[in-house]
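Before any comments, here is the structure.
Residue numbers (the UniProt record's numbering): 1 to 190.
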């Protein structure tokens, strides 16, 4: 493998726009092939082998990028792009569904199989948290993660996220029980 492939610093992380959505959705569909496959833990609460991102989630990305922060449904997305222009990973922040929680955001992220365990996840988390601290009034970032996804749980913990709850048997995917962990990081005081 090349040095660039081994070094996540060789990637460019940038905010995504409307023109990025079609390649982003193709990346996500490919990314979902790894969900629970060949020793990879489940990282999405859906059955392994589900071929596509659900339509409702696609629509949430499409609409959410244009909604101002603080309003219901807003979403912001960053992409890690390799030297060949391919998406190596992503992170998004989005509005919480509760109207009184505009000071909090929900996080979602993923790293392409080729780029895992190379520091990209940490860089993506730093990008999103840095944006939230500098450009918004967001005081907390929350996330949900399947508890058995230890690489993700460890990444979040090393980035400063704290587990605030673990709900046993929260999900049943193909008849198998899965616990769900809720994690959060405090960015600033009021």
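Glycine included, C-beta positions come from ideal geometry on N, C-alpha and C.
A direct Cα-to-Cα measurement between residue 95 and residue 127 gives close to 17 Å.
One thing to note: residue 32 has its Cβ no nearer than 8 Å to the Cβ of residue 57. For the 8 Å CB-CB criterion, residue 186 and residue 42 do not form a contact. Here the region 127 to 144 lies against the region 103 to 111, with 3 or more beta-carbon pairs under 8 Å apart. Beta bridge pairing from DSSP links residue 186 with 140. By alpha-carbon distance to residue 162, the top candidate from 169, 181, 173 and 86 is 181. With a 10 Å radius around the Cβ and a threshold of 16 neighbouring Cβ atoms, residue 59 comes out exposed.
In this structure, the alpha-carbon of residue 112 lies about 12 Å from that of residue 40. Per DSSP, residue 62 is one residue of the alpha helix (DSSP H) stretching across 55 to 64. Check the Cα spacing between residue 87 and each of 101, 152, 165 and 25: the tightest is with 25.
Here the C-alpha atom of residue 164 lies approximately 25 Å from the C-alpha atom of residue 119. Going by DSSP, residue 133 is part of the alpha helix (DSSP H) stretching over 120 to 135. Spanning the alpha carbons of residue 78 and residue 125 requires a straight line of approximately 10 Å. Here residue 169 is exposed, its C-beta having fewer than 16 other C-beta atoms within 10 Å.
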